[in-house]
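Quick look at the structure:
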């Protein structure tokens with residue numbers, strides 16, 4: 008019978024086995040949950056049981072009239088579902104068709120390695136790849152990602168650090184573990200670093216009971232991604248003079264939601280963005296939430312987002328708060344102010360997510376009106392039923408600074424070491440041999456104790472050089488990157504601007520950035536940018552003159568910065 012199931016009658020089965028026919032291509036067993044097509048071979052859960060799904064495809068003629076037997080193997084041993092024989096089923100005899108199975112299995116504490124087998128006929132056995140379901144026990148965990156972009160604002164660093172320190176007190180109390188990252192340094196809040204950090208969230212082993220809390224304090228501005236409206240948080244690339252929004256804005260839907268939408272855990276996004284700005288900086292990055300509500304209103308179910316201000320409003324910070332008003336109200340609420348007593352006046356000391364949202368929505372307008380006489384009303388996107396405890400202000404540990412990712416510190420190799428020079432034109436991702444040669448000649452005078460060697464072109468071709476410049480070199484690598492050196496100098500120059508002074512004279516202006524990178528520590532240890540101007544009778548000649556002017560300034564680099 009096509010697409011039907013016949014179960015062996017050896018006692019009640021603890022699980023349900025279902026079969027349906029769907030299209031497939033090759034014979035074999037493929038996992039659907041976990042999803043083999045998305046390279047998902049490990050799932051973390053706190054549930055005592057889990058429903059797994061897989062497909063069996065067999066397009067060749069059956070030589071046996073007996074039903075195919077399906078066997079599950081857990082940790083190398085046949086899985087016992089309570090019957091003498093697991094299940095038997097008649098596979099569909101449609102060419103290129105697959106039979107889909109769904110089964111709820113019990114889980115051991117810790118690792119459960121699952122494999123599926125299909126005994127098609129005499130001597131014909133199909134076997135799946137191994138997948139893991141890790142069952143955690145105990146209290147749920149909290150993972151924090153707190154970002155304070157320092158560009159043109161006073162208190163973003165304090166915002167991120169204070170929020171992380173506050174929630175860290177819940178470790179061992181409301182939550183089992185409280186871990187995460189705090190990004191506050193200039194280099195750690197650039198667009199490339201933020202993108203890598205959010206992409207890595209899927210590796211945090213979060214379960215359906217755990218909580219992911221994302222907090223970002225920065226400027227914000229509406230923008231478009233592939234023609235669709237979105238809202239962008241301003242990264243610290245703005246501080247480096249980058250003007251193109253696609254290289255500065257970290258978008259809500261494209262970059263934040265896309266990276267957390269499929270995570271199994273509870274997810275909270277707190278955006279203290281759209282700040283009113285400071286005395287300095289590029290005012291083009293100062294915006295409001297006018298174009299952001301559409302993007303936030305499309306937040307998928309399961310994610311709660313609270314933004315610091317409403318449409319056409321700015322977010323404010325003040326020296327008497329030492330924070331943004333939004334962050335200050337959150338911290339006040341966690342101290343107990345957000346806890347709502349019941350009808351009898353009893354408070355349970357636990358702050359629910361809905362209680363915090365309600366408190367912040369009422370407290371922020373009062374704070375800002377009193378300090379600035381300006382409107383600011385938080386915008387909340389929370390679906391019905393998305394409520395759970397996030398803080399207990401009586402049962403908590405001692406408040407301590409949450410460890411932030413380290414900022415750069417000058418650290419350089421010993422004398423008599425080798426130094427490799429690598430020239431690169433970032434906008435084309437190609438080697439800049441002229442810049443490399445000029446740099447090598449100049450640095451031989453500055454660092455006479457170093458053996459100057461050329462860099463490897465492969466570091467440009469495979470993207471390693473760009474990754475280093477963006478602040479996240481290939482993880483896990485602590486080698487010389489094939490250069491045989493202890494220090495790598497990457498020279499990256501921006502496109503040259505030309506001005507025709509008169510009929511016979513061209514003027515060129517350019518900037519070159521010198522980045523010294525230690526392969527041993529996998530960190531950038533020193534950076535220096537030089538400007539150059541030059542004139543000549545041709546564009547090419549004026550560019551060479553400008554380059555010579557820029558490289559002459561290399562003599563001003565303090566060699567002590569590259570010595571221990």
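In our numbering, the protein residues as written are 8 to 571. Note that CB positions come from ideal geometry on N, CA and C, so glycine has one too. The structure displayed is predicted, hence computed values, not measured ones.
From the DSSP output, read off the bridge partner residues of residue i.
i, result
"residue 341", "Note: residue 341 sits in no beta bridge, so no partner."
"residue 117", "142"
"residue 159", "BP columns for residue 159 are empty, so no partner."
"residue 182", "178"
"residue 401", "BP columns for residue 401 are empty, so no partner."
"residue 605", "The question about residue 605 has no answer, for the chain in this structure spans 8 to 571."
"residue 467", "Answer by DSSP bridge pairing: none, since residue 467 is not bridged."
"residue 279", "224"
"residue 328", "Looking at the DSSP assignment, residue 328 forms no beta bridge with any residue, so it has no partner."
"residue 153", "189, 222"
"residue 85", "80"
"residue 496", "428, 523"
"residue 38", "61"
"residue 460", "427"
"residue 50", "140"
Please list, in chain order, all residues of the same chain as residue i whose beta carbon is under 6 Å from its beta carbon, the five residues on each side excluded.
i, result
"residue 240", "223, 225, 227, 257, 280"
"residue 243", "156, 158, 193, 196, 197"
"residue 394", "359, 360, 361"
"residue 152", "187, 188, 221"
"residue 477", "199"
"residue 538", "518"
"residue 396", "357, 359"
"residue 409", "171, 172, 175, 189"
"residue 354", "346, 348"
"residue 418", "Summary for residue 418: the model assigns pLDDT 36, below 50, so the residue's position carries little reliability, and this model does not support an answer."
"residue 283", "In this prediction, residue 283 has a pLDDT of 44, which is less than 50 and means its spatial position is unreliable; what the coordinates show is noted afterwards. Answer for residue 283: 321, 323, listed in chain order."
"residue 541", "515, 549, 552, 553, 556"
"residue 504", "516"
"residue 560", "537"
Among the options, which has the Cα closest to the Cα of residue i?
i, options, result
"residue 77", "133, 41, 42", "133"
"residue 4", "436, 322, 341, 433", "A query on residue 4 cannot be resolved here, the shown segment of the chain reaching from 8 to 571 and no further."
"residue 123", "147, 410, 81", "81"
"residue 169", "209, 328, 262, 143", "328"
"residue 339", "115, 356, 370, 435", "370"
"residue 512", "548, 34, 529, 46", "548"
"residue 233", "252, 171, 217", "252"
"residue 445", "564, 554, 48", "554"
"residue 278", "523, 43, 541, 264", "264"
"residue 138", "50, 201, 400, 311", "50"
"residue 564", "495, 368, 452, 474", "452"
"residue 160", "309, 325, 345", "325"
"residue 125", "41, 34, 521", "34"
"residue 247", "546, 58, 40, 520", "520"
"residue 412", "468, 110, 164, 211", "164"
"residue 441", "524, 558, 39, 472", "558"
"residue 544", "561, 330, 514, 207", "514"
"residue 245", "501, 236, 379, 255", "255"
"residue 334", "315, 342, 268", "315"
"residue 109", "115, 61, 121", "61"
"residue 249", "501, 378, 365", "501"
"residue 106", "66, 84, 113", "66"
"residue 330", "86, 167, 526, 259", "167"
Within its chain, find whatever has a CB closer than 8 Å to the CB of residue i; leave out the 5 residues flanking it on each side and keep chain order.
i, result
"residue 443", "428, 429, 430, 461, 462, 498"
"residue 391", "none"
"residue 479", "199, 200, 203"
"residue 404", "175, 176, 177, 178, 179, 180"
"residue 184", "148, 149, 178"
"residue 562", "449, 452, 453"
"residue 368", "384, 385, 387"
Quick one: residues in its chain with C-beta nearer than 7 Å to the C-beta of residue i, no 5 flanking neighbours on either side, listed in chain order?
i, result
"residue 438", "430, 431, 464, 467"
"residue 271", "213, 214, 215"
"residue 507", "513"
"residue 472", "429, 431, 466, 497"
Using beta carbons (cut-off 8 Å, strictly below), is residue i in contact with chain C?
i, result
"residue 443", "Here chain C cannot be found, since the structure has a single protein chain."
Could you name each continuous beta strand (DSSP E) segment of 3 residues or more that falls completely within the segment 227–264, going from the start of the chain to the end? 227–232, 235–241, 256–258
Unbroken beta strand (DSSP E) runs of length 3 or more, entirely within the segment 509–539: which are they? 512–525
Please determine if the segment 173–181 and the segment 146–155 are in contact, where contact requires at least 3 C-beta pairs separated by less than 8 Å. yes
Inside the segment 346–397 only - alpha helix (DSSP H) runs reaching at least 4 residues: 360–379
Across the segment 211–218 and the segment 50–70, are there enough close Cβ pairs to call them in contact, namely three or more that are closer than 8 Å? yes
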